[in-house]
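And the structure:
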């Protein structure tokens, strides 16, 4: 099995032939100070961003409502967090109102292996939604999830319940930590050309190596990815 290896000095994808098995006790050993600082940063960062971006949020909300007046501009969905705990997840609406109902019709077109669903030119995405996704603006309401403690700024992206239902014990390692707004996958060029196993192992490498320095590097990389419009 190919494994994505992420080092402190290099975030490029390399190949290995082993699976990364995490020791939960070991990965949390000595992390108390890091986790306290991380939570304080999450609270301060999310509060400041939500306050500064409020006028922008209102403009985006109005634009989304004009395109889809029959649905809420804020899309809510159940996601799975740390230790398989479900929570309500927020995004700006980027798809048509009945997108969830049409998913079954599109599953056979899935372009990503594993449990995640991704297709290029998804017909459910609205015109405004394409721009929101390209710039990752649709993810900004998750700052509220960060403030509430369901998510953190940096961590593995939270999966859907239907995805977790099919996870192996190896894949469940993604849920050892609080899910994040951004991660290594988010800042990887052509991220949607990656396999699910590559994505998974990037998450596991992050969990193993997480630190304030790594988090800062990913946050800075996220700003770059947004400006380069690497989203979909």
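Numbering (our numbering), first residue to last: 3 to 234. The beta-carbon is built from N, C-alpha and C at its ideal position, and this holds for glycine as well.
Excluding sequence positions up to five before and after residue 96, its CB lies within less than 7 Å of the CB of 127, 128, 131, 134, 135 and 140, all in the same chain and listed in chain order. By the Cβ-count criterion, residue 93 is buried, with 16 or more other Cβ atoms from all chains shown falling within 10 Å of its own Cβ. Where residue 158 is concerned, there is no enclosing alpha helix (DSSP H), because DSSP gives it neither an H nor an E. The beta-carbon distance between residue 181 and residue 157, rounded to whole angstroms, is 5 Å. This is short enough to meet the 8 Å contact definition.
By the criterion of a C-beta distance shorter than 8 Å, residue 146 is surrounded in its chain by 48, 52 and 92, once the five residues flanking it on both sides are discounted.
In chain order, 126 place their CB closer than 7 Å to the CB of residue 104, counting only its own chain and leaving out the 5 sequence neighbours on each side. If you compare the alpha carbons of 142, 50 and 179 with that of residue 78, the shortest gap goes to 142. Around residue 74, the same chain offers 95 as residues with beta carbons nearer than 8 Å, after the five sequence neighbours per side are excluded.
Pairing residue 38 with residue 46, the inter-Cα distance amounts to about 12 Å. In summary, residue 196 is buried, with 16 or more beta-carbon neighbours lying within 10 Å of its beta-carbon over all protein chains present. Taking C-alpha positions only, residue 81 is separated from residue 203 by approximately 20 Å. Within the DSSP secondary-structure output, residue 92 pairs in a beta bridge with 78. For residue 54, the enclosing alpha helix (DSSP H) stretches over residues 34-69. The bridge partners DSSP lists for residue 127 are 97. Distance from the CA atom of residue 144 to the CA atom of residue 21, rounded to whole angstroms, is 31 Å. Among the bridge pairs identified by DSSP, residue 184 is matched with 156.
Spanning the alpha carbons of residue 40 and residue 173 requires a straight line of approximately 24 Å. Take the alpha-carbon of residue 138 and the one of residue 23: they are about 31 Å apart. Straight-line measurement puts the Cα of residue 102 at about 14 Å from the Cα of residue 121. Here residue 227 is buried, its C-beta having at least 16 other C-beta atoms within 10 Å.
When secondary structure is reduced to three states using DSSP, residue 225 falls in the helix class.
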